[in-house]
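Worksheet: the structure to be examined is printed underneath.
Residue numbers (this note's numbering): 49 to 143.
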């Protein structure tokens, strides 16, 4: 890893069938949803409070999942491939 304040990684870069895109993208989103659900549960157990940030993020991710499912289904029904480019930008932030 570079020793800088900002790094960028190419996570996904390619053309995919609708089925491949569905497998890749929905797995990523589902993993993030589960992460926030576990975080929310942990905060509730430890602090007796539900994280509104986690709730908002879960709702955003569920909407994204629904939107992507619709887009992928449409592409699949029209025998289209999907070009997917996913970059992860990470910036180090001092506390």
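Cβ coordinates follow ideal geometry from the N, Cα and C atoms, glycine included.
I need the straight-line Cα distance from residue 121 to residue 73, nearest angstrom please.
Here residue 121 refers to the residue found at position 73 when the chain shown is read from its first residue. Here residue 73 refers to the residue found at position 25 when the chain shown is read from its first residue. Each residue's Cα considered, the two are about 13 Å apart.
May I have the straight-line CA-CA distance separating residue 103 from residue 114, to the nearest angstrom?
Translated into positions along the chain shown, residue 103 becomes position 55. Translated into positions along the chain shown, residue 114 becomes position 66. Distance from the CA atom of residue 103 to the CA atom of residue 114, rounded to whole angstroms, is 17 Å.
Determine the direct distance from the alpha carbon of residue 130 to that of residue 123, and round the result to whole angstroms.
As a position in the chain shown, residue 123 is number 75, starting the count at 1. As a position in the chain shown, residue 130 is number 82, starting the count at 1. C-alpha separation (whole angstroms): 7 Å.
Under 6 Å Cβ to Cβ from residue 57, same chain only, skipping five residues before and after it: list those, please.
In the chain shown, counting from the first residue as 1, residue 57 sits at position 9. Excluding residues within five positions, the ones whose Cβ falls inside 6 Å are 136.
Give me the Cα-Cα distance between residue 81 and residue 117, rounded to the nearest whole angstrom.
Taking the first residue of the chain shown as 1, we reach residue 81 at position 33. Taking the first residue of the chain shown as 1, we reach residue 117 at position 69. As the crow flies, the alpha-carbon of residue 81 is around 15 Å from that of residue 117.
Give me the Cβ distance between residue 60 and residue 112, rounded to the nearest whole Å; I'm assuming they're in contact under 8 Å.
Your numbering for residue 60 matches position 12 in the chain shown. Your numbering for residue 112 matches position 64 in the chain shown. The pair is not a contact, with the Cβ atoms about 15 Å apart (cut-off 8 Å).
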